[in-house]
Structure formats: C-alpha cells, structure tokens
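What follows is a set of notes on a single structure, which appears directly below.
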Amino acid sequence: MAQTEVLPAPIKPRVGRTADPCVMVIFGFSGDLTRRKLIPALYNLASQQLLAQEFAVIGVGRTPMSDDDARKKLTEDFKKFASGAIDAKLWEWFVRRLHYVSGDFGDPATFDNLKKTLAKVDQEHNSHGNYFFYMATAPNYFGDIVERLSTVGLMTEENAHWRRVIIEKPFGHDLDSAKALNKQLLKVASECQIYRIDHYLGKETVQNILALRFANGIFEPIWNRRYIDHVYRFRSPKPSAWRNAAATTMGRAPCATWCRTISCSSSL
Ligand SMILES: NC(=O)c1ccc[n+]([C@@H]2O[C@H](COP(=O)([O-])OP(=O)(O)OC[C@H]3O[C@@H](n4cnc5c(N)ncnc54)[C@H](OP(=O)(O)O)[C@@H]3O)[C@@H](O)[C@H]2O)c1
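For what it's worth, my numbering labels the leading residue of the sequence shown as 274, then goes sequentially.
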C-alpha cells in the first residue's frame with residue numbers, strides 16, 4: 274500500500290533537490306559506520322526535506338533482530354551520535370521506514386530474503402523500484418555481495434528503475450586489489466551503476482595543488498581572484514571525457530583545475 278503521510282516541515286532551509294523515491298539497503302547495519310555516520314547523515318537529509326517521502330531503509334547484518342528490535346537499537350544509537358537536537362516527530366517518521374534482514378553475506382538465502390523484503394518494502398513505501406546498495410562492511414565482502422545481488426536479479430535495471438551500488442572506502446588496499454575489485458564489479462554492473470567513495474583518492478591531488486600554489490614563487494602571486502577567471506569541476510563516468518574536457522578548457526582559461534569526487538575510472 275502506498276503511504277500518503279507527509280514528511281514533517283524542514284528544520285533547516287533546503288539546499289538541493291529532493292532525492293528520487295528509493296530504498297537504501299545497508300550491508301553492515303549494526304556496524305560503526307552505520308550508527309556514527311550513515312544514520313545521522315540520513316536524518317540530516319530528512320530534516321532538510323532532501324529525502325523523498327517514498328524512502329525506506331533495509332539494514333542487513335548477521336545479528337538476528339526483528340524490525341522493531343532494529344528500530345529500538347537505532348534509536349538508542351542515534352541519541353548518542355546525532356549532530357544536534359533531535360526532532361521527535363521527524364525521527365519517528367524516519368525510523369518507521371526502517372526494516373531489517375538478518376543473514377550472512379556468504380549465504381545465498383540472505384539474498385533471497387533480501388529480494389522478498391525489498392519487494393514488500395518497495396510496495397509499502399511506494400519507492401518506484403529504485404534500490405541502492407551501500408557497502409558499510411569489511412572490504413573483503415564488497416565484490417561478493419554485488420555478485421550475489423546480481424545472481425538474484427537485484428542489479429538489473431528495467432522499466433525505468435535504477436539500481437546502484439555504493440562502495441565505502443577503502444576501494445582495494447593497493448593498485449592490484451583495486452583493479453581486481455573493479456573487474457569483479459564490472460562483470461555484473463555497468464560503470465554508471467557503481468559509485469566509489471574514497472576521499473583519500475582526491476586528497477593528494479588537492480594537497481599538491483595547494484603546495485603548487487603556496488610553495489611556488491611563480492604561481493603564488495598570480496593564483497588568486499584577480500587573475501583566475503574560472504575554476505571548473507568535471508565529473509564524467511568516462512575518464513577520457515574528463516581528461517579531454519580538462520585539456521580543452523585549460524587551453525582556454527587562464528587557469529583551471531578539476532577533481533572527481535567520485536572516482537570511476539574504467540581503466541582501473
Ligand atoms: N567506522 C567508520 O567511521 C568508517 C569510516 C569510513 C569508512 N569505513 C569503512 O566502512 C566499512 C565498515 O566499517 P565499520 O567500522 O562500520 O565496521 P564494523 O563496525 O566492524 O561493522 C561491520 C558490519 O558488517 C556486518 N558483517 C560483518 N561480516 C558479516 C557477514 N559475514 N555477514 C553479514 N554481516 C556481516 C556486521 O554485522 P554483525 O555485527 O551483525 O555481525 C556489522 O554490521 C569498512 O570498509 C570501513 O573501512 C568506516
């Protein structure tokens with residue numbers, strides 16, 4: 274049954290577009306990342322009406338819990354890790370969207386149960402069949418989880434539904450393991466379904482830009498608002514596209530820099 278209830282009024286002014294209706298599946302629901310970072314971040318999005326009304330979360334982990342137990346646990350954790358005052362009405366709205374599937378990531382039955390739960394939750398919250406899978410667990414599971422999702426048909430995009438997978442850092446522990454993980458993911462998902470979060474990938478590039486500016490007698494006096502006309506940021510799923518765009522633009526502009534917040538180099 275589609276829900277018609279309305280998200281409570283925003284606590285802070287909205288700063289972006291409300292996201293599409295969707296279900297977020299968190300692999301590693303009882304873990305540290307989920308309770309300290311993901312849930313407070315989702316609550317903050319809800320507080321600015323950046324989550325769709327048709328949003329739901331399914332947590333997956335080994336610990337056996339009912340939906341109600343999971344909601345209770347999450348509420349206790351949230352009281353410890355919320356970044357500000359908690360709006361009780363908003364939290365109630367959020368926590369009622371939470372569901373839980375218990376099972377081992379190595380067990381195919383976990384993915385069968387997840388598929389059934391997703392179908393039920395999607396119908397209950399009217400989430401338009403859009404699912405995204407967030408890897409908040411140990412990195413050695415990432416590739417196998419995505420393969421198992423594909424085996425039960427959960428990575429297939431059809432009838433205008435989208436399916437995405439979010440890999441929380443680390444994306445491999447060296448170049449070879451990053452290449453191997455990339456290959457495993459690309460066997461069952463297309464590049465535009467994969468989102469890699471690894472702020473460390475950008476860290477050195479950004480630090481280098483700062484060093485280049487401040488430690489260089491040639492650039493230091495001219496890399497400022499008087500002489501820089503534009504700073505461009507490029508994001509494209511195709512490495513060749515951002516490389517070409519950067520090269521073309523740098524030829525035109527007095528100075529340009531680029532960064533990719535989500536690394537998606539298919540050549541990895
Ligand atoms: N913690 C952070 O602040 C942070 C920040 C950035 C990135 N990360 C990255 O995020 C990932 C998770 O870190 P974390 O600190 O949240 O780890 P964690 O506290 O150890 O949590 C791991 C989660 O995975 C589940 N899990 C582990 N093995 C499983 C299996 N075989 N089957 C089913 N569930 C299983 C656990 O469920 P049960 O407890 O029910 O067994 C638990 O919910 C890591 O890749 C880490 O590098 C973490």
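Every residue gets a Cβ at the ideal spot worked out from N, C-alpha and C, and that includes glycine.
Everything numeric in this text was worked out from a predicted model, so none of it was measured.
For G332, report the span of its beta strand (DSSP E) as first-last. Note, G332: beta strand (DSSP E), 328-334.
Is the separation between the beta-carbon of I418 and that of F378 shorter than 9 Å? yes
Quick test of your reading: A411 and T307, contact by CB under 8 Å. State the CB separation rounded to the nearest angstrom. Contact doesn't hold; Cβ gap of about 13 Å is too wide.
Using CA atoms only, rank isn't needed, just tell me which of A453, P494, A319, L371 is closest to D340. L371
For Y373, which of helix, strand or coil comes out of DSSP? Reduced to three states, the DSSP call for Y373 is strand.
My understanding is that Q466 touches V438, with C-beta atoms under 8 Å, so please give their C-beta distance in whole angstroms. Sure, about 6 Å apart at Cβ, within 8 Å.
Any contact of the region 372-392 with the region 330-346, i.e. 3+ C-beta pairs under 8 Å? yes
Ligand 2 and S303: does the residue's C-beta get closer than 8 Å to at least one heavy atom of that ligand? No copy of ligand 2 occurs in the structure displayed; its ligands are ligand 1 alone.
Indicate, with yes or no, if ligand 1 has a heavy atom lying under 8 Å from the CB of L422. no
Taking R309 as the reference, which of F415, W435, F351, L387 has the closest Cα? Minimum Cα distance to R309 is reached at F351.
For ligand 1, is there any heavy atom lying closer than 8 Å to the beta carbon of L315? In terms of side-chain proximity, the C-beta atom of L315 is found no nearer than 8 Å to any non-hydrogen atom of ligand 1.
Neighbourhood of H434 by C-beta, 8 Å cutoff - its chain only, sequence neighbours within 5 removed: H401, G402, N403, Y404
Is R344 near ligand 1 - that is, is its Cβ less than 8 Å away from at least one heavy atom of it? no
In angstroms, rounded to a whole number, what distance separates the CA positions of R369 and K345? Rounded to the nearest angstrom, the two C-alpha atoms are 11 Å apart.
If you compare alpha carbons, which of I331, S463, I482 is closest to T429? S463
Cross-strand partners of C295 (DSSP beta bridge): F328
Using the Cβ count rule (16 or more neighbours within 10 Å means buried), how would you classify A392? exposed
Any heavy atom of ligand 1 within a distance shorter than 8 Å of the CB on G289? no
Over what stretch of residues does the beta strand (DSSP E) that includes V438 continue unbroken? 436-441
Segment limits, alpha helix (DSSP H) that includes I312: 312-320
Let's test the definition: count the other Cβ atoms within 10 Å of the Cβ of H446 and tell me whether it reaches 16, buried, or not, exposed. exposed
What is the DSSP secondary structure of F406, counted as helix, strand or coil? strand
Looking only at its own chain, which residues have a Cβ that is under 6 Å from the Cβ of Y558, when we skip the five neighbours before and after it? With the chain represented from 274 up to 541, any question about residue 558 goes unanswered, as that position is not in the structure.
Under the criterion of a Cβ to heavy atom distance below 8 Å, does Y414 qualify as lining ligand 1? yes
Taking the alpha-carbon positions, what's the F487 to D502 distance? 19 Å
Is K362 near ligand 1, with its Cβ less than 8 Å from a heavy atom? False, no ligand heavy atom lies under 8 Å from that Cβ.
Chain-order list of residues whose beta-carbon lies under 7 Å from that of S303 (same chain, five-residue window excluded): Here S303 has G334, T336 as same chain residues with Cβ atoms under 7 Å from its own Cβ, once five neighbours each way along the sequence are excluded.
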